[in-house]
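I have placed the structure first, in the form of structure tokens, so that the comments after it can refer back to it.
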Amino acid sequence: MQRIYRIAVLPGDGIGPEVVEAAVGVLEAVQKIVSGLRLELIYGEAGYDCIEKYGTNLPEKTIDILKSTHACLKGPMTTPEDPGAPPSVAVTIRKMFNLYANVRPCKSLPGVWSLKPNIDLVIVRENTEGLYSGVEYEVSPGKGVALRIITREASERVARFAFRLAERRRRYLTCVHKRNILRITDGIFREAVFRVASEFPSIRVDEEHVDAMAMRLIKEPERFDVVVTTNLFGDILSDEAAQIVGGIGLAAGANIGDNYGMFEPVHGSAPKHAGKNRANPIATILAAKMMLEWLGEYEAARRIGDAVEAVLSEGRVRTYDLGGSATTRDMGNAIAEKILSQGA
Ligand code: NAD
-17 MQRIYRIAVL PGDGIGPEVV EAAVGVLEAV QKIVSGLRLE LIYGEAGYDC
33 IEKYGTNLPE KTIDILKSTH ACLKGPMTTP EDPGAPPSVA VTIRKMFNLY
83 ANVRPCKSLP GVWSLKPNID LVIVRENTEG LYSGVEYEVS PGKGVALRII
133 TREASERVAR FAFRLAERRR RYLTCVHKRN ILRITDGIFR EAVFRVASEF
183 PSIRVDEEHV DAMAMRLIKE PERFDVVVTT NLFGDILSDE AAQIVGGIGL
233 AAGANIGDNY GMFEPVHGSA PKHAGKNRAN PIATILAAKM MLEWLGEYEA
283 ARRIGDAVEA VLSEGRVRTY DLGGSATTRD MGNAIAEKIL SQGA
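Be aware that the sequence shown starts at -17, since it is given in my numbering, and climbs by one per residue.
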């Protein structure tokens, strides 16, 4: 029997179209091997190039595509920085679809430099509020204020998600905050996490201040399992975590809500590498793997993960960030071919 999924594909801009094309090649390969799996890819426009054309970086037509699909594979997009410009597409989609948990795994991979050989942690970042609420004012010339909105409801919701994830892993959760300074907002967040902890008695719970956590990720990253934190802290810590296992070209993220999932690389549009066919597509390929896992297509997800690890451990195809000279397309093709040969 066929299992059909409608997938929105947003190639984005900068290096986005190149890394997304490589990931789509991998999805096509895995569909040839896993019987019954069928992905209907529906392409949508979004990102910097849309602003001039449509006056927005997320046109209505694309929002309609998102609403009509099971999940979204999203490439990176450039966010204009001037005040008044449209907000980040990723942030808009997260809020619009209430994708409240941003899941960013960080794992040592074979054949790739890693600070320690046995790192295996996941950062779960609250994805809808905090300093990404986008509420900022210039109260008087040269004096600005940003609102860091933290609610008990959103904090408990992401905490519950993180505890459920910890149940399927090593049963250890670290709550990261800065309550010693941000007593009200991080007081609410910390309290919510520890309240939810009582629903999960089998999980060991710990806490760290965010500055100490930044240090511990370098000193003893192998100690951590699931880390739950607020929006900005999670964004910063996950880039740091990506770097200790080989760099941002390998780091994937899932944005999960109760009814929709959006999957993307952690990195941005890296404009200086755009159009050069040299960016590493593995982050986007691993995002596609996370999407299949979320859809319940475990065999397809496992086959992508195995193929990525096989290509990395052989070490013959390496993009510039891994010390090689392979192109984006070379890497995508090597992983797709590995899936086909391992499935044959
Ligand atoms: P970036 O992640 O785009 O790039 C930083 C550096 O990381 C690059 O110069 C490059 O050296 C390296 N890098 C990133 N991706 C790589 C890959 N796949 N392979 C190899 N090396 C890679 O960060 P930035 O320069 O701060 O941001 C550029 C733009 O992207 C900004 O407009 C930013 O707002 C946007 N951005 C978008 C998203 C998103 O769409 N979710 C996320 C982060 C940043």
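No residue lacks a Cβ here, since even glycine has one placed at the ideal position from N, Cα and C.
Buried/exposed call for Y119, threshold 16 Cβ in 10 Å: Start at 1 with the first residue of the sequence shown, and residue 119 comes out as number 137. Exposed: under 16 other Cβ atoms inside 10 Å.
Could you check whether the stretch 194 to 206 touches the stretch 174 to 182, counting it as contact only if at least three pairs of C-beta atoms, one from each stretch, sit closer than 8 Å? no
Hey, would you say the C-beta of S220 is under 7 Å away from at least one heavy atom of the ligand NAD? Mapped onto the sequence shown, residue 220 falls at position 238. No, the ligand NAD has no heavy atom inside 7 Å of this Cβ.
Would you kindly work out how many angstroms separate the C-alpha atoms of T74 and N109, rounded to a whole number? Here residue 74 is taken as the residue at index 92 of the sequence shown, counted from 1. Here residue 109 is taken as the residue at index 127 of the sequence shown, counted from 1. Answer to the nearest angstrom: the Cα atoms are 11 Å apart.
Cβ distance (whole Å) where C157 is taken to contact V210 below 8 Å: By 1-based counting over the sequence shown, the position of residue 157 is 175. By 1-based counting over the sequence shown, the position of residue 210 is 228. The pair is a contact, with the Cβ atoms about 6 Å apart (cut-off 8 Å).
Within the stretch -9 to 39, note down every full beta strand (DSSP E) run reaching 3 residues or more, in order along the chain. 19 to 25
Cβ of V208 within 8 Å of Cβ of V104? On the sequence shown, position 226 is the one that residue 208 refers to. On the sequence shown, position 122 is the one that residue 104 refers to. Yes. Within cutoff.
At a cut-off of 7 Å, would you count N259 as near the ligand NAD, judging by its Cβ distance to the nearest heavy atom? By one-based count along the sequence shown, residue 259 stands at place 277. Outside the cutoff, so no.
Taking only the alpha-carbon atoms, compute the straight-line gap between S17 and M(-17) and give it to the nearest angstrom. Numbered from its first residue, the sequence shown carries residue 17 at position 35. Numbered from its first residue, the sequence shown carries residue -17 at position 1. Pairing S17 with M(-17), the inter-Cα distance amounts to about 8 Å.
When burial is assigned at 16 or more other CB atoms within 10 Å of the CB, is P58 buried or exposed? Against the sequence shown, residue 58 aligns to sequence position 76. Buried: at least 16 other Cβ atoms inside 10 Å.
Can you say whether E246 is buried or exposed, counting buried as having 16 or more other CB atoms within 10 angstroms of its CB? Your numbering for residue 246 matches position 264 in the sequence shown. So E246 ends up on the buried side.
Taking all protein chains shown into account, do 16 or more other C-beta atoms lie within 10 angstroms of the C-beta of D312, making it buried, or fewer, making it exposed? As a first step, residue 312 must be located in the sequence shown, where it is residue number 330. The residue is buried, with at least 16 neighbouring Cβ atoms inside 10 Å.
Minimum C-alpha distance to F182 - residue among E202, R150, H159, R161: Locating residue 182 in the sequence shown gives position 200, where the first residue counts as 1. Ranking E202, R150, H159, R161 by Cα distance to F182 puts R150 first.
My output table needs one value for E111: the three-state DSSP class, helix, strand or coil. The count along the sequence shown starts at 1 and reaches residue 111 at position 129. Correct three-state label for E111: coil.
Put I267 into one of helix, strand or coil per three-state DSSP. By one-based count along the sequence shown, residue 267 stands at place 285. I267 falls in the helix class under three-state DSSP.
Look at the Cβ atom of T310, then the Cβ atom of A261, and state whether they are nearer than 8 Å. Residue 310 sits at position 328 when you count from the first residue of the sequence shown. Residue 261 sits at position 279 when you count from the first residue of the sequence shown. Yes; because the gap between Cβ atoms is below 8 Å, this pair is in contact.
Beta-carbon proximity of R60 to P253, cut-off 8 Å: Along the sequence shown, one-based indexing puts residue 60 at 78. Along the sequence shown, one-based indexing puts residue 253 at 271. According to the sequence shown, residue 60 is Thr rather than Arg. Yes, the Cβ-Cβ distance between T60 and P253 is below 8 Å.
C-alpha distance - G239 paired with A53, whole-angstrom precision: Residue mapping note: residue 239 aligns to position 257 of the sequence shown, counting from 1. Residue mapping note: residue 53 aligns to position 71 of the sequence shown, counting from 1. Straight-line Cα distance between these residues: approximately 11 Å.
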